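Residue numbers (our numbering): 99 to 394. Worksheet: the structure to be examined is printed underneath.
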């Protein structure tokens with residue numbers, strides 16, 4: 099893709115992440131069907147924008163790469179440092195440096211400068227370590243617009259033309275957080291499964307709620323970690339542990355397939371790293387299932 103056109107696409111996507119769609123002009127330069135503008139009010143679109151990009155998920159690198167999925171922190175600091183090193187000053191008045199809006203604008207900045215070498219290196223070494231998970235979360239949002247936005251972001255990543263260059267030592271490491279299943283209580287398991295950098299999974303509260311309703315299981319209120327803990331506690335009371343474990347096995351398989359698809363796009367290194375985390379999580383779920391089988 100021509101870099102000037104790539105820059106335009108990236109900026110258009112940043113605008114859609116920043117603000118709800120209001121007119122067809124907001125979709126200019128993107129292959130997104132705007133027919134929904136005739137069917138939904140601006141209030142409805144604003145509510146959906148808030149649900150997907152604030153309530154269900156804040157689209158930032160730190161959500162996927164920080165311990166306990168805390169926003170900001172060291173991940174955001176490293177992203178900001180990388181941006182400023184190239185002369186790009188992220189606007190952090192509304193979002194942290196690692197928020198998707200700033201990341202897309204940063205990549206657009208590099209495309210505008212025709213700096214293909216830096217653009218490809220930053221994408222390969224950093225952005226592809228978490229962007230596939232974010233795109234997947236958008237596609238799982240239940241909102242057609244955000245599914246299409248995820249597809250557009252994926253096309254933009256592919257348009258950068260990244261290949262699997264670099265040796266293993268060149269890549270920044272993903273955080274290693276060993277999990278002792280033998281000593282873990284449900285609260286710790288909930289935190290583990292809710293933290294992408296630990297479990298390899300990102301499951302929104304909306305998807306967890308759908309799973310709970312499908313088995314008529316109460317989950318209580320609170321964070322995603324508390325929701326997962328509540329889901330397993332209720333499942334234990336209502337003899338539904340097997341069904342909930344099936345759900346998490348399906349999520350693990352889905353993420354494994356996700357990274358396999360991305361492994362040929364310059365993300366082969368990251369595909370391998372996330373596969374290790376998913377394998378560990380599969381063992382955690384197997385242990386939960388076996389514990390239930392033993393007690394019943």
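The C-beta atom is built at its ideal place from N, Cα and C for all residues, glycine as well. Here the structure is a predicted model, which is why all the values come from computation and not from measurement.
Once you ignore the five residues that flank residue i on each side, which residues in its own chain have a CB closer than 6 Å to its CB?
| i | result |
| --- | --- |
| residue 371 | 272 |
| residue 109 | 206 |
| residue 132 | 122 and 125 |
| residue 118 | 143, 144 and 147 |
Rounded to whole angstroms, what's the CA-CA distance from residue i to residue j? Just pull it up for me.
| i | j | result |
| --- | --- | --- |
| residue 398 | residue 283 | Within the shown structure, residues of the chain are numbered from 99 to 394, placing residue 398 beyond reach of any answer. |
| residue 386 | residue 160 | 28 Å |
| residue 121 | residue 203 | 21 Å |
| residue 221 | residue 187 | 18 Å |
| residue 258 | residue 318 | 43 Å |
| residue 274 | residue 164 | 11 Å |
| residue 106 | residue 381 | 44 Å |
| residue 175 | residue 167 | 15 Å |
| residue 345 | residue 309 | 8 Å |
| residue 278 | residue 286 | 10 Å |
| residue 170 | residue 193 | 10 Å |
| residue 341 | residue 212 | 51 Å |
| residue 190 | residue 246 | 27 Å |
| residue 162 | residue 379 | 15 Å |
| residue 140 | residue 388 | 49 Å |
| residue 343 | residue 383 | 6 Å |
| residue 294 | residue 185 | 31 Å |
| residue 239 | residue 152 | 12 Å |
| residue 235 | residue 280 | 30 Å |
| residue 250 | residue 349 | 23 Å |
Residue i lies in the alpha helix (DSSP H); which residues open and close that run?
| i | result |
| --- | --- |
| residue 221 | 214-223 |
| residue 249 | 242-257 |
| residue 174 | 171-183 |
| residue 342 | 339-360 |
| residue 115 | 101-116 |
| residue 144 | 140-148 |
| residue 297 | 294-297 |
| residue 328 | 322-335 |
| residue 270 | First-last for residue 270: undefined, no H or E at that position. |
| residue 123 | Counting along the chain, residue 123 falls outside any alpha helix (DSSP H), and DSSP gives it neither H nor E. |
| residue 303 | 303-312 |
| residue 235 | 229-237 |
Quick one: what's residue i bridged to in DSSP?
| i | result |
| --- | --- |
| residue 197 | 158 |
So, at 7 Å on beta carbons, what are the nonlocal neighbours of residue i in its own chain, with the 5 sequence-adjacent residues on each side left out?
| i | result |
| --- | --- |
| residue 315 | 329, 332, 333, 336 and 338 |
| residue 114 | 124 and 247 |
| residue 197 | 157 and 158 |
Is any beta-carbon of chain D found at less than 9 Å from that of residue i?
| i | result |
| --- | --- |
| residue 360 | In the displayed structure, chain D is absent; only one protein chain is listed. |
What does a CB cutoff of less than 8 Å around residue i pick up in its chain, not counting 5 residues either side in sequence?
| i | result |
| --- | --- |
| residue 210 | 101, 102 and 105 |
| residue 306 | 317, 322, 325, 326 and 329 |
For residue i, verify whether its CB is less than 8 Å away from any heavy atom of the ligand COA.
| i | result |
| --- | --- |
| residue 379 | Looking at this structure, you won't find the ligand COA or any other ligand, since it has none at all. |
* Asked: How about the region 177-192 and the region 128-148: do they share at least three Cβ pairs that are nearer than 8 Å?
  -> Result no; under three Cβ-Cβ pairs closer than 8 Å.
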